[in-house]
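Student: Note that the sequence shown covers residues 126 to 576 in this note's numbering.
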Amino acid sequence: MSTLAPPKRPEIKTALPGPNAKQIIEADQQFVTPSYPRPSFKLVAERAEGVWVEDVDGNIFLDCNAGVAVCSTGHCHPEVVRAIQEQAAQLIHMCGTDYYYRHMPDLARKLDEITPVPRPTRTHFANSGTEAVETALKLAMHATGRERFIAFFNSFHGRTLGSLSLTSSRVAQRRGFRRQALDVTHVPYAYCARCPFNLGRCADGSCCLGGLDWIENRLFKTTLPPEECAAIVVECVQGEGGYVPAPREFLQGLRRICDEHGILLIVDEVQSGMGRTGKMFASDHYDLKPDIICIAKGIASGLPLGVCVARADLMDWKPGAHASTFGGNPVAIAAALKTIELLERELVKNSHEVGEYLQQGLRKLMGKHDCIGEVRGLGLMVGVEFVEDRVSMKPAPELRDRIEHESFDRGLILLGAGQNTIRWSPPLVITRENIDVALEIFDEAIAAADA
Ligand code: PLP
Numbered sequence: 126m127s128t129l130a131p132p133k134r135p136e137i138k139t140a141l142p143g144p145n146a147k148q149i150i151e152a153d154q155q156f157v158t159p160s161y162p163r164p165s166f167k168l169v170a171e172r173a174e175g176v177w178v179e180d181v182d183g184n185i186f187l188d189c190n191a192g193v194a195v196c197s198t199g200h201c202h203p204e205v206v207r208a209i210q211e212q213a214a215q216l217i218h219m220c221g222t223d224y225y226y227r228h229m230p231d232l233a234r235k236l237d238e239i240t241p242v243p244r245p246t247r248t249h250f251a252n253s254g255t256e257a258v259e260t261a262l263k264l265a266m267h268a269t270g271r272e273r274f275i276a277f278f279n280s281f282h283g284r285t286l287g288s289l290s291l292t293s294s295r296v297a298q299r300r301g302f303r304r305q306a307l308d309v310t311h312v313p314y315a316y317c318a319r320c321p322f323n324l325g326r327c328a329d330g331s332c333c334l335g336g337l338d339w340i341e342n343r344l345f346k347t348t349l350p351p352e353e354c355a356a357i358v359v360e361c362v363q364g365e366g367g368y369v370p371a372p373r374e375f376l377q378g379l380r381r382i383c384d385e386h387g388i389l390l391i392v393d394e395v396q397s398g399m400g401r402t403g404k405m406f407a408s409d410h411y412d413l414k415p416d417i418i419c420i421a422k423g424i425a426s427g428l429p430l431g432v433c434v435a436r437a438d439l440m441d442w443k444p445g446a447h448a449s450t451f452g453g454n455p456v457a458i459a460a461a462l463k464t465i466e467l468l469e470r471e472l473v474k475n476s477h478e479v480g481e482y483l484q485q486g487l488r489k490l491m492g493k494h495d496c497i498g499e500v501r502g503l504g505l506m507v508g509v510e511f512v513e514d515r516v517s518m519k520p521a522p523e524l525r526d527r528i529e530h531e532s533f534d535r536g537l538i539l540l541g542a543g544q545n546t547i548r549w550s551p552p553l554v555i556t557r558e559n560i561d562v563a564l565e566i567f568d569e570a571i572a573a574a575d576a
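1) Just to confirm my understanding: we take residue 179, look at its own chain, exclude 5 residues before and 5 after, and list those with CB closer than 8 Å. What are they?
2) Indicate the three-state DSSP secondary structure (helix, strand or coil) for residue 402 in the structure shown.
3) What span of residues does the alpha helix (DSSP H) with residue 311 cover, start to end?
4) Grab me the residues of residue 456's own chain with a C-beta within less than 7 Å of its C-beta, minus the 5 sequence neighbours each way, in chain order.
5) Please find out if some non-hydrogen atom of the ligand PLP comes closer than 7 Å to the beta-carbon of residue 425.
6) Roughly how many angstroms lie between the CA atoms of residue 352 and residue 382, to the nearest whole one?
7) By the 10 Å Cβ neighbour count, where 16 or more other Cβ atoms means buried, how is residue 553 classified, buried or exposed?
8) So, residue 307 versus residue 458, is the Cβ gap smaller than 8 Å?
9) Which same chain residues end up closer than 6 Å to residue 268 when comparing Cβ atoms and leaving out the 5 residues on each side of it in sequence?
10) Whose C-beta lies closer than 6 Å to the C-beta of residue 406 among residues of the same chain, with five residues either side of it excluded?
11) Quick check: the segment 150-159 against the segment 521-540, are there 3 or more CB pairs under 8 Å?
12) Going by beta-carbon coordinates alone, are residue 313 and residue 322 separated by less than 8 Å?
13) Could you tell me which of 243, 568, 555, 537 sits nearest to residue 168, measuring between CA atoms?
14) Name the residue from 424, 442, 483, 443 whose alpha carbon lies nearest to the alpha carbon of residue 199.
15) Could you round the C-beta distance between residue 436 and residue 413 to whole angstroms and report it? I think they count as a contact, below 8 Å.
16) Secondary structure at residue 436, three-state DSSP: helix, strand or coil?
17) For the segment 328-366, list the beta strand (DSSP E) runs that are entirely contained and at least 3 residues long, ordered along the chain.
18) How many angstroms separate the CA atom of residue 341 from the CA atom of residue 363?
19) Is it the case that the CB of residue 259 approaches a heavy atom of the ligand PLP more closely than 7 Å?
20) Distance check for residue 574 and residue 532, CA to CA, integer angstroms please.
21) Give the single residue among 366, 220, 164 whose Cα lies nearest to the Cα of residue 316.
22) Who are residue 426's beta bridge partners in DSSP?
23) In whole angstroms, give me the CA-to-CA distance for residue 189 and residue 286.
24) If we call anything under 8 Å between Cβ atoms a contact, is residue 445 one with residue 257?
25) Compute the minimum distance between the beta carbon of residue 240 and the heavy atoms of the ligand GDP, and state whether it is under 7 Å.
26) Give me the residue from 569, 503, 355 with the minimum Cα distance to residue 549.
27) Express the C-alpha separation of residue 419 and residue 472 in angstroms, rounding to a whole number.
28) Mind checking which residues open and close the beta strand (DSSP E) that includes residue 458?
29) Expressed to the nearest angstrom, what Euclidean distance is found between the alpha-carbon atoms of residue 122 and residue 318?
30) If you draw a straight line from the C-alpha of residue 433 to the C-alpha of residue 442, how long is it?
31) Is any non-hydrogen atom of the ligand PLP found closer than 7 Å to the C-beta of residue 464, if you look at the structure I gave you?
32) Do you know offhand how far residue 377's Cα is from residue 408's?
33) Which one of 280, 288, 356, 369 has the shortest CA to CA distance from residue 387?
34) Quick check on the contact list: which residues have their beta carbon closer than 6 Å to a heavy atom of the ligand PLP?
35) Between residue 401 and residue 539, which are expected to be in contact by the criterion C-beta below 8 Å, what is the C-beta distance as a whole number of angstroms?
36) Give the straight-line distance between the Cα atoms of residue 235 and residue 411, rounded to the nearest whole angstrom.
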């Protein structure tokens, strides 16, 4: 791919996967764990720039997934690449759990400034989303002396043993692991398009009181004494569950319940954070103040970094309570600081503006395709739900998979989420012109798949 003139459209030159891709997939199938949940289409990436990804056969794709909502500043943003290269030439690793370097307090100070957790805060550094969640769980147990949790159906918080106890978006994630490590009670999420309480749609958000009522009047009075609950863990916009934004009243109601019972509110912004929703954090849309927030994915433009930011009075555990050899590696932090600079300079704004444009375009497609049940989202975190028809709203998971595949065959990278949703999570550098091309391809793909 030329570094001088980015393409305007995808360029697909071979059957997919192409001959070089096939070889790599074969080797992968022989030597790599089969547990990765790969979709039916097969992308073998070689290099990427901005919103464009080139595969090993020279095919060029328009990326509207960003490595699952990670490459926030676009692939290989030149300023991020420079920050990584300069840092790598100076100090790659020192182990921040035993030694000091300036990067850790620099990023922790910045997170204290930008996260919605009430200040003062403290930050623990790890390498991934699941580790950020593990930190939050351990901290909540440590700070409250309690060990039970509330989480939500369709949530995804990771796959290590603690976070897996919260995760509930697909049974495949649980199958074979039997008893879970932590005591977690799951509650229906406020998924308005498919109201779990059959309360139907409402304009004022009052239906989401169903979940709150479930916690207060069912759980707390039967199986879960509130004084035993350490934390409620929630995504403001469910990610893997299908890009479902919660209503404001639901999240504010959780905050109230927590305050009334000395329960901590852990907000998992691993997918929704770092400008993805058109504000720095999804919590900002709701004026929500978490006690603890988990961040990963978009924070370092593709370098592994997961952080847990908590109220300083909570994160007052003693040396040895929790640490990580690689967490907060100087190179990852250099990438994060540059990422945040770019987000603040222009990309959060772009996410908001181009996200609105994308949603408008997708809503227009609803006029043409009765199989689009709902378009929903915030900023550049947009879900398109596919149904048999808009009257029955019966989920159409196979159609969704075919559309994902037809899009890929035309050079557009999109990924499913939940049972029947396609998620749009492009790099936040995406332009209106890119969106026009993507929507044109998506329209064709839907028509082809739904023929
Ligand atoms: N939390 C949320 C909301 C996520 O979306 C994810 C990953 O998709 C995780 C946690 C786990 O992150 P990781 O895959 O980096 O462990």
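Yeah, the Cβ is synthetic: ideal placement off N, Cα and C, and Gly gets one too. Only a predicted model underlies this, so the values are computations on that prediction, with no experimental measurement involved.
Tutor: Once the coordinates are examined:
1) 126, 170, 171, 172, 173, 185, 186
2) coil
3) First-last for residue 311: 308-312, but that is the beta strand (DSSP E), not the alpha helix (DSSP H).
4) 209, 212, 213, 217, 428
5) no
6) 12 Å
7) buried
8) no
9) 439
10) 241, 394, 398
11) no
12) yes
13) 537
14) 424
15) Not confirmed; about 14 Å, so no contact.
16) strand
17) 354-359
18) 22 Å
19) no
20) 9 Å
21) 366
22) 428
23) 31 Å
24) no
25) With respect to the ligand GDP, the structure offers nothing, as its ligand set consists of the ligand PLP.
26) 503
27) 21 Å
28) It is not in any beta strand (DSSP E) - residue 458 instead sits in the alpha helix (DSSP H) that spans 455-467.
29) Residue 122 lies beyond the residue range present for the chain, which begins at 126 and ends at 576; the question has no answer from this structure.
30) 14 Å
31) no
32) 10 Å
33) 356
34) 253, 254, 255, 258, 281, 282, 283, 360, 364, 365, 393, 395, 396, 421
35) Between residue 539 and residue 401 the Cβ distance is about 16 Å, and since that is not below 8 Å, they are no contact.
36) 21 Å
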